Every structure is written in C-alpha cells, then in structure tokens.
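Engineer: Below are the structure tokens for one structure; questions will follow.
What follows is the structure, given as structure tokens:
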C-alpha cells in the first residue's frame, strides 16, 4: 500500500477498516525509521537542555556545558576523520573492503603513522597560531583527539588478536612508556621552534616529559609560552585517552573474559563497583596533585608535576570509558533492542544522569569554595606565621591538606570534567551507530562503504567544523571569571531595563 509494505492485511480487519488500529505484529518499523525517531527525540531534548545549561545562573555550569558540547563535537569529528582516513588508505593498499574487519598489520602501521604525524604537526600548527587565542585552542583540542583515536585505532586492531588479561596489562604498560618516549622525542622540535623566536641567550630548559621552563639570561625562571602550554596539554590529553582505553580493556578482560553481549544484573553490579573505585581513586589523585603543588610550590613544576597531572587525567578518562560501558549495559539489560538503539538510549541516559550529577556536584563544590574562603580568612595570618617560623611539620601539613575545602572543590571539579567526557564519548557512539544504520539501510551505500564513509566524513566536517570553531570554541575557551563578568553584565542589563520601564 501507499503507507509502506506491511504485508497482507496491513491495516487490520473488521471494524477498524483502512484507518483502524494495527493488529499485533502487523506494523514492523524499520531499523532506519526507529533510529531516526529516537535521534530526533533525543536531539530535541538535548538541544533545549543544553540551551538551558549554557544560560544557567552559575559560571561553572556554563563553562562545563560549553566544554561538554565542544568536546562532543570534537570527539565525533576526530573519530570519523581518523576512521575514514585509515580505512581509505587501507583499502587503497589492500584493495579489500573487508580488510578492516580482521587483524591487519598494514592497518596498525597506518594508525601509528597517523598518530606520529598528528603528534609532530601539533607543535608546528600551535607555534604558527601562537598569536591567536581561539584558533590555537581549536587546533589543540581536535588535534589531541585525532591523535588519541589514532592510537586507540591501533589498539583496536591489536584487540582483534584476542589477547589475554596479562597481555593487555603489558600492552597498557608499553603504551605508557611509548607515550612518554614520543613526548620526549618532540622536545628538540620545540627547542628549535623557540630558538627561531628568541635570542640565543634565552635557551629553553625542557624536562623529559616536555614541560617547558624558560631560563632567561639572568637565570630567572619565566612562565612557559601559551602555545607551549597548549601543545603539552594536547599531548597529555591524547596520551591519557590512549592509556585509559588500554587500562579499561585490561580491567574488563581481568573481570570478564569477554564483553558480555547480554549483561546480567551481577555484571552491572560489578561494573558499578569498579566505577566507584575509579571515582575514589580520581578524588585521591586530585588531592595528591593539589598537595604536591602546594607543598613544593608553584615553581617546582617539571617531570614530577607533569606525571601527577597525567596520572590524574588517565584515571578520569578511565572512569569515563567505564561509565560508557556501564550505561550501555544498563540500556541493554532493560531494553532488548538492537545494538544501534542501545547506543542511542545509553547516550540519552548517560546525559540525563551526567547533567544531574554535574548540577549536584557543582552545588557541593560551590559550598566547599565558600567554606574555603571562610577558613582562609580565619587562619590566613596563622598559616603565614607558621610558614615563616617553619614550626609546622610534614605530617601536620599533609593532614591539613587532606581536610582542605579547596582540595575538595578541585576534586569535585575534576570529577565533573570526567562526566563531561563520558557524555561526549557516549554521543560519539550514538552518532556512529546512526551513521552505520544509514549506511546499512541503503544498498548503494552498503556496497560502496569506503566511498560512503568518506562522503559522510567530508559532509560532517563541512557542516560542523565552521560552526564549531566560530560559535562553540570561543565560549568553551572562556575562563570561569569571564562567565562571571558576563553574568554581571546580564544582571546589570536587566536592572537597567527594569528601571527604564518603570520610568516610562
């Protein structure tokens, strides 16, 4: 009939007639139609929800919301670009459309080449854009994500060999060592770039981990240049994402021999326990990071501080990967639908739960911040006297730092950032599932997968990159204090408008 192929008696029999109610099992919705329906409803809720969050009367919520949106778009573009480039090159090399479905050493070489290319080119691009603010931020963010998912792509090829838990832990250790070696190898690149900009009397003293400390002619330490900070942050994020993915796979292989296709309540409980342990470890590493910085002072930054930062980021991202799997399992347990629908439902549930946790944790962090100010005002003078006289021993200092409200606030903020990353990863999975459904539903697209993926990647970049870089990046790159000033201006504008209306 004209309303679709429903088979014989598609509109039921008897009194309902042509426009009556469908009988049981008579109307079978196609996979494409259901995916489109779920995505439309999801986008409707997400769009209005995000619109509310980016205008929330709290500067931290606004900042986290813009970073969440920016990270989601960046991760999606990074994944689709990496997947398209690697599969296209692999097809050109092997002339086999199914080469990516099995272990292929050529694919490992392609992914590693892309990884090294992104690592190296990031230094040159950030140096070239060193006089800008938002463009360099955009390049660092998306460059770090492309680098990260190139490394993850190589790991995913290795996973096709079905390694044991011990082999995965060994792989995670190798990834950690290789990531440090790559960053160390890029140090001379930054030295040469700095020498082009400065006199020979101003040399760069860079640690093995790539942290830059400029020593001027008089021996005084200066702050690292902004472009160097962006490069090192992008490198840290990329390496942390790769390492966290390897750790996540090792953890899951240690607990489950195989990823459960039909997770049970016990599987969800075990994953929740692991997730809780990750949260505690993340809070612990955040406390350790803050204590390390305060006890040694701001000038004592180098390999140790960089290692602590990297460890904190790796734990946060491991928690994010596990959160994506947890909500996937919850969705699969309660909704017996296809994998594509499970991805979309999981992203929606994780977003709702994530936003709720962000609002609650931000409230707690704000109270911790206010209490920290009160405590500083009470014993600020006492602390300064103790430091001058040197009467406070290390044990007392550590105990004080452990109960410091400022450290609690930092721990909660880092936890919120991890939740934002999890939301971004979940929606990338949902977008990927939607694209896979579209490709599989069309005979023309499914028979030309490489060309279809390439066309979708080009279309996505042309549509999303300009909007992301022009309208989202500037807000995501704002500091919390800038949002505070914007909110003050908005409040003053409301008062001025109210006063004008009353006078008129």
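Numbering (our numbering), first residue to last: 39 to 542. For each residue, glycine too, the CB sits at the ideal point set by N, CA and C. What you are looking at is a predicted structure, and each value in this text was computed from that prediction instead of being measured.
Quick check on residue 506: does DSSP put it in helix, strand or coil?
Structural biologist: Your numbering for residue 506 matches position 468 in the chain shown. Residue 506: helix per DSSP, three-state reduction.
Engineer: Please say whether residue 318 and residue 353 have beta carbons closer to each other than 7 Å?
Structural biologist: Counting from 1 along the chain shown, the entry for residue 353 is found at position 315. Counting from 1 along the chain shown, the entry for residue 318 is found at position 280. It is not a contact, given that the beta carbons lie outside the stated cut-off.
Engineer: Any chance the segment 113-122 sits against the segment 491-500, with 3 or more Cβ pairs inside 8 Å?
Structural biologist: As far as the Cβ criterion goes, the segment 113-122 touches the segment 491-500, which means the pair count is three or higher.
Engineer: Measure the alpha-carbon distance for residue 119 versus residue 201 and round it to whole angstroms.
Structural biologist: Along the chain shown, one-based indexing puts residue 119 at 81. Along the chain shown, one-based indexing puts residue 201 at 163. Those two C-alpha atoms are separated by around 27 Å.
Engineer: Grab me the residues of residue 193's own chain with a C-beta within less than 8 Å of its C-beta, minus the 5 sequence neighbours each way, in chain order.
Structural biologist: Residue 193 sits at position 155 when you count from the first residue of the chain shown. Once the five neighbours on either side are set aside, the close Cβ partners of residue 193 are 209, 213, 280, 283, 284, 287.
Engineer: From what residue to what residue does the alpha helix (DSSP H) around residue 122 run?
Structural biologist: Position 84 of the chain shown, counted from the first residue, corresponds to residue 122. Annotation: the continuous alpha helix (DSSP H) that includes residue 122 extends over 97-132.
Engineer: Short of 6 Å in beta carbon distance, which residues of its chain neighbour residue 514, apart from the five on each side in sequence? Order them along the chain.
Structural biologist: Taking the first residue of the chain shown as 1, we reach residue 514 at position 476. For residue 514, where only same-chain residues beyond five positions count, the Cβ hits under 6 Å are 104, 105, 108.
Engineer: Spatial neighbours of residue 477 within its chain, please: C-beta separation below 7 Å, excluding the five flanking residues on both sides.
Structural biologist: Taking the first residue of the chain shown as 1, we reach residue 477 at position 439. Closer than 7 Å at the Cβ level, and outside the excluded window around residue 477, lie 483, 484, 487, 490.
Engineer: Rounded to whole angstroms, what is the Cα-Cα separation between residue 519 and residue 230?
Structural biologist: The residue you call residue 519 lines up with position 481 of the chain shown. The residue you call residue 230 lines up with position 192 of the chain shown. Cα to Cα, the separation comes out at about 35 Å.
Engineer: Distance, Cα to Cα, residue 199 vs residue 370?
Structural biologist: Start at 1 with the first residue of the chain shown, and residue 199 comes out as number 161. Start at 1 with the first residue of the chain shown, and residue 370 comes out as number 332. Cα-Cα distance, rounded: 26 Å.
Engineer: On the criterion of 16 or more Cβ atoms from any shown chain inside 10 Å, does residue 235 qualify as buried, or is it exposed?
Structural biologist: Here residue 235 refers to the residue found at position 197 of the chain shown. Classification of residue 235: exposed, given that the 10 Å Cβ count is below 16.
Engineer: Rounding to the nearest angstrom, what Cα-Cα distance links residue 139 and residue 325 in this structure?
Structural biologist: Here residue 139 corresponds to residue number 101 of the chain shown, with the count starting at 1. Here residue 325 corresponds to residue number 287 of the chain shown, with the count starting at 1. One C-alpha to the other measures close to 43 Å.
Engineer: Buried or exposed: which applies to residue 526, given that a residue is buried once 16 or more other Cβ atoms fall within 10 Å of its Cβ?
Structural biologist: What you label residue 526 is simply residue 488 of the chain shown in a count that begins at 1. Answer is exposed; the Cβ neighbour count stays below 16.
Engineer: According to the neighbour-count rule (16 or more other Cβ atoms, all chains shown, within 10 Å of its Cβ), is residue 400 buried or exposed?
Structural biologist: One-based indexing of the chain shown puts residue 400 at position 362. Buried, since its Cβ has 16 or more Cβ neighbours within 10 Å.
Engineer: For residue 303 and residue 364, what's the separation of their Cα atoms in angstroms?
Structural biologist: Taking the first residue of the chain shown as 1, we reach residue 303 at position 265. Taking the first residue of the chain shown as 1, we reach residue 364 at position 326. The alpha-carbon atoms of residue 303 and residue 364 are separated by roughly 11 Å.
Engineer: Between the alpha carbons of residue 537 and residue 405, how many angstroms are there, rounded?
Structural biologist: Mapped onto the chain shown, residue 537 falls at position 499. Mapped onto the chain shown, residue 405 falls at position 367. Distance between the alpha carbons of residue 537 and residue 405 is about 33 Å.
Engineer: Does residue 207 come out as helix, strand or coil in the three-state DSSP assignment?
Structural biologist: Here residue 207 refers to the residue found at position 169 when the chain shown is read from its first residue. Three-state result, residue 207: helix.
Engineer: Got a sec, what are the start and stop residues for the alpha helix (DSSP H) residue 541 sits in?
Structural biologist: Along the chain shown, read from residue 1 onward, the residue named residue 541 stands at position 503. For residue 541, the uninterrupted alpha helix (DSSP H) run begins and ends at 518-541, by DSSP.
Engineer: CA-CA distance, residue 99 and residue 316?
Structural biologist: As a position in the chain shown, residue 99 is number 61, starting the count at 1. As a position in the chain shown, residue 316 is number 278, starting the count at 1. Their backbone Cα atoms lie some 23 Å apart in a straight line.
Engineer: Short of 7 Å in beta carbon distance, which residues of its chain neighbour residue 131, apart from the five on each side in sequence? Order them along the chain.
Structural biologist: If you number the chain shown from 1, residue 131 lands on position 93. Correct list, in chain order: 144.
Engineer: Around the Cβ of residue 95, are there at least 16 other Cβ atoms within 10 angstroms (buried) or fewer (exposed)?
Structural biologist: For the purposes of this step, residue 95 is identified with residue 57 of the chain shown, where counting begins at 1. Of the other Cβ atoms in all chains shown, fewer than 16 fall within 10 Å of the Cβ of residue 95; this residue is therefore exposed.
Engineer: Tell me which same chain residues have a C-beta within less than 7 Å of the C-beta of residue 308, skipping the five on either side of it?
Structural biologist: Residue numbering aside, residue 308 sits at position 270 when the chain shown is read from its first letter. Result list for residue 308: 293, in chain order.
Engineer: Take residue 385 and list the residues in its own chain whose beta-carbon comes closer than 6 Å to its own, dropping the five residues that flank it on each side.
Structural biologist: Locating residue 385 in the chain shown gives position 347, where the first residue counts as 1. The answer, listed in chain order, is 464, 465, 468.
Engineer: Taking the alpha carbon of residue 457 as the point to measure from, which residue in 211, 110, 169 has its own alpha carbon closest?
Structural biologist: As a working mapping, residue 457 is identified with position 419 in the chain shown. For residue 457, the nearest C-alpha among the options comes from 110.
Engineer: With 16 as the cutoff for other CB atoms within 10 Å, does residue 373 come out buried or exposed?
Structural biologist: As a first step, residue 373 must be located in the chain shown, where it is residue number 335. Classification of residue 373: exposed, given that the 10 Å Cβ count is below 16.
Engineer: Excluding sequence positions up to five away, which residues of its chain have a Cβ less than 7 Å from the Cβ of residue 351?
Structural biologist: Taking the first residue of the chain shown as position 1, residue 351 is located at position 313. Scanning its chain for C-beta atoms nearer than 7 Å, with the 5 sequence neighbours on each side dropped, one finds around residue 351 the residues 274, 275, 278, in chain order.
Engineer: Starting from residue 166, follow the alpha helix (DSSP H) in both directions and report where the run begins and ends.
Structural biologist: Position 128 of the chain shown, counted from the start, is the residue given in the question as residue 166. Residue 166 -> alpha helix (DSSP H) spans 143-166.
Engineer: Between which two residues does the alpha helix (DSSP H) containing residue 136 stretch?
Structural biologist: Position 98 of the chain shown holds residue 136. That residue, residue 136, is in no alpha helix (DSSP H); it is neither H nor E in DSSP.
Engineer: If you compare alpha carbons, which of 125, 297, 176, 84 is closest to residue 507?
Structural biologist: Counting from 1 along the chain shown, the entry for residue 507 is found at position 469. Answer by Cα proximity: 176.
Engineer: Using a Cβ-Cβ cutoff of less than 6 Å, which residues in the same chain neighbour residue 227 once the five nearest sequence positions on both sides are dropped?
Structural biologist: If you number the chain shown from 1, residue 227 lands on position 189. If we look at residue 227 and ignore the five residues flanking it on each side, its Cβ neighbours are 161.
Engineer: Rounded to the nearest angstrom, what separates residue 531 and residue 381 at their Cα positions?
Structural biologist: Along the chain shown, one-based indexing puts residue 531 at 493. Along the chain shown, one-based indexing puts residue 381 at 343. Spanning the two alpha carbons is a distance of roughly 43 Å.
Engineer: If you draw a straight line from the alpha carbon of residue 265 to that of residue 171, how long is it in whole angstroms?
Structural biologist: Position 227 of the chain shown, counted from the start, is the residue given in the question as residue 265. Position 133 of the chain shown, counted from the start, is the residue given in the question as residue 171. If you take the alpha carbons of residue 265 and residue 171, they lie about 9 Å apart.
Engineer: Using alpha carbons as the reference points, say which of 297, 164, 83 lies closest to residue 203.
Structural biologist: Counted from its first residue, the chain shown places residue 203 at position 165. Selected option, being the one with the closest Cα: 297.
Engineer: By the DSSP assignment, the alpha helix (DSSP H) with residue 375 in it spans what residues?
Structural biologist: Taking the chain shown and counting its residues from 1, one reaches residue 375 at position 337. Neither: residue 375 is in no alpha helix (DSSP H) and is coded neither H nor E.
Engineer: Would residue 188 pass as a contact of residue 149 if the rule is Cβ separation under 7 Å?
Structural biologist: Your numbering for residue 188 matches position 150 in the chain shown. Your numbering for residue 149 matches position 111 in the chain shown. Their beta carbons are under 7 Å apart, which means residue 188 touches residue 149 by this criterion.
Engineer: Does the separation of the CB atoms of residue 178 and residue 268 fall below 7 Å?
Structural biologist: As a first step, residue 178 must be located in the chain shown, where it is residue number 140. As a first step, residue 268 must be located in the chain shown, where it is residue number 230. It is a contact, given that the beta carbons lie within the stated cut-off.
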